[in-house]
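J.: So the sequences go chain by chain: E and Y. Numbering-wise, my numbering puts 12 at position 12 of the first sequence, and it's gapless, one number per residue. If you want my numbering, it's the 1-based position in the second sequence plus 1000. All C-beta atoms, glycine included, are put in the ideal place defined by N, C-alpha and C.
Protein chains: 2
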Amino acid sequence: MKDFFSHINKAFENKVRLGVMSILMVNDWYDFNGFKELLGLTDGNLASHLAKLEKIEFITVKKEFVGKKTKTSYQATKEGKLAFKNHLQALETLIKGTKK
Amino acid sequence: MKDFFSHINKAFENKVRLGVMSILMVNDWYDFNGFKELLGLTDGNLASHLAKLEKIEFITVKKEFVGKKTKTSYQATKEGKLAFKNHLQALETLIKGTKK
DNA sequence: AATAAATACTTTGTACTACAAAGTAAATAA
DNA sequence: TTATTTACTTTGTAGTACAAAGTATTTATT
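1. Please say whether I8 (chain E) and A76 (chain E) have beta carbons closer to each other than 8 Å?
2. Taking only beta-carbon atoms, is S1048 (chain Y) less than 8 Å away from chain E?
3. Identify each residue in the region 26 to 47 of chain E for which the Cβ-Cβ distance to at least one residue of chain Y is less than 7 Å, and report them in chain order.
4. Report the start-end ranges of each beta strand (DSSP E) in the region 1031 to 1096 of chain Y that is 3 residues or longer and not cut off at the edges.
5. Starting from S1022 (chain Y), follow the alpha helix (DSSP H) in both directions and report where the run begins and ends.
6. So with Cβ pairs under 8 Å, would you call I1008 (chain Y) a contact of chain E?
7. Is it buried or exposed, A1051 (chain Y), if we count other Cβ atoms within 10 angstroms and call 16 or more buried?
8. Kindly list, in the order they appear in chain Y, the residues whose Cβ is closer than 7 Å to that of N14 (chain E).
9. Using a Cβ cut-off of 8 Å (strictly closer), state whether G1019 (chain Y) contacts chain E.
10. Determine, for S73 (chain E), whether the minimum Cβ-Cβ distance to residues of chain Y falls below 8 Å.
11. Going by other Cβ atoms of all chains shown within 10 Å of its Cβ, with 16 needed for buried, is L1046 (chain Y) buried or exposed?
12. With three or more C-beta pairs closer than 8 Å as the rule, is the region 77 to 89 of chain E touching the region 14 to 29 of chain E?
13. Taking 8 Å as the CB-CB cut-off, is L1053 (chain Y) touching chain E?
14. Quick test of your reading: G1019 (chain Y) and L94 (chain E), contact by CB under 8 Å. State the CB separation rounded to the nearest angstrom.
15. For I972 (chain Y) and chain E, any beta-carbon pair shorter than 8 Å?
16. Compare the C-beta of L1088 (chain Y) with all C-beta atoms of chain E and state if any pair is closer than 8 Å.
17. What separation, rounded to the nearest whole angstrom, lies between the Cα atoms of E1064 (chain Y) and E1092 (chain Y)?
18. With distance defined between alpha-carbon atoms, name the residue in E:N33, E:V16 and E:E13 nearest to K69 (chain E).
Have a look at this one:
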């Protein structure tokens, strides 16, 4: 693939990951159940997408007890935020700069 | 999937189709070889994505001779343009409207 | 003590997708 | 006649998305 796509990030081609990252751009921490409800996903599907974002270090995880219940929360990393911004920028460029 | 994603269009989750549609938003007609060069794709890959966009009626095809050579050109349909605009609008909303 | 419910997963299986590479057909050029 | 171009189609492989079911741990209910 070419220059044309150099900042279009494969990680953000999927709508679940796009949703997760969007949420984490404006919320410092967001928990598993929060994503699940807001995005309307099954546990497995959500978990697999979160795992992918974690693996490439675009998000980090925190586990804690709130009262007596477990809670797993996620935060975008610096690199994740940067990659997401670049992706959005690339989309804008793509849409605006292709007049022959 | 939820409301949250209602205008995120599966057709535009792929970067090739995103590129093709972006180009067709600002160029009335664009030909096969033009896409191939600009996007840096193999024939088969390009053809398959164009076929997908044609199947869902987001683009239309025109075949002609220019001099002695064949030329196949593509144009976005009204529905294609609308869907693409809605997709972009949805992305914007997604990115801006998720503060808890 | 036994059963049920919640949380945050993992595992499994299926259907679909992206892509390169090779093959095809029809026309033109050397 | 052989090579080249155009615009594909076919084939095969590796990867992806997703639901559903299963798991471990803890807490709540009977």
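T.: In this structure, then:
1. In the first sequence, the residue the question calls residue 76 (chain E) occupies position 76. In the first sequence, the residue the question calls residue 8 (chain E) occupies position 8. It is not a contact, given that the beta carbons lie outside the stated cut-off.
2. As a working note, residue 1048 (chain Y) is residue 48 in the second sequence. No, S1048 (chain Y) lies away from the interface with chain E (no Cβ there is under 8 Å from its Cβ).
3. V26, N27, L38, L39 and G40
4. 1059 to 1066 and 1069 to 1076
5. One-based indexing of the second sequence puts residue 1022 (chain Y) at position 22. Counting along the chain, the alpha helix (DSSP H) containing S1022 (chain Y) begins and ends at K1015 to V1026.
6. Residue numbering aside, residue 1008 (chain Y) sits at position 8 when the second sequence is read from its first letter. Yes, I1008 (chain Y) counts as interfacial toward chain E.
7. In the second sequence, counting from the first residue as 1, residue 1051 (chain Y) sits at position 51. By the neighbour-count rule (16 or more Cβ atoms within 10 Å), A1051 (chain Y) is not buried but exposed.
8. Walking along the first sequence from the start, residue 14 (chain E) turns up at place 14. Here the neighbours are E1013.
9. Residue mapping note: residue 1019 (chain Y) aligns to position 19 of the second sequence, counting from 1. Yes, its Cβ sits closer than 8 Å to a Cβ of chain E.
10. Reading the first sequence from its first residue, position 73 is the one you call residue 73 (chain E). No, no contact with chain Y.
11. Counting from one through the second sequence, the residue named residue 1046 (chain Y) turns up at place 46. By the neighbour-count rule (16 or more Cβ atoms within 10 Å), L1046 (chain Y) is buried.
12. yes
13. What you label residue 1053 (chain Y) is simply residue 53 of the second sequence in a count that begins at 1. Answer no: the Cβ-Cβ gap between L1053 (chain Y) and chain E never drops below 8 Å.
14. The residue given as residue 1019 (chain Y) occupies position 19 in the second sequence. The residue given as residue 94 (chain E) occupies position 94 in the first sequence. So it is a contact: roughly 6 Å between Cβ atoms.
15. Residue 972 (chain Y) lies beyond the residue range present for chain Y, which begins at 1001 and ends at 1100; the question has no answer from this structure.
16. Looking up residue 1088 (chain Y) in the second sequence gives position 88. Yes, because at least one Cβ of chain E sits closer than 8 Å to the Cβ of L1088 (chain Y).
17. For the purposes of this step, residue 1064 (chain Y) is identified with residue 64 of the second sequence, where counting begins at 1. For the purposes of this step, residue 1092 (chain Y) is identified with residue 92 of the second sequence, where counting begins at 1. E1064 (chain Y) and E1092 (chain Y): Cα-Cα distance of roughly 39 Å.
18. Locating residue 69 (chain E) in the first sequence gives position 69, where the first residue counts as 1. It is E:N33 whose Cα lies nearest to the Cα of K69 (chain E).
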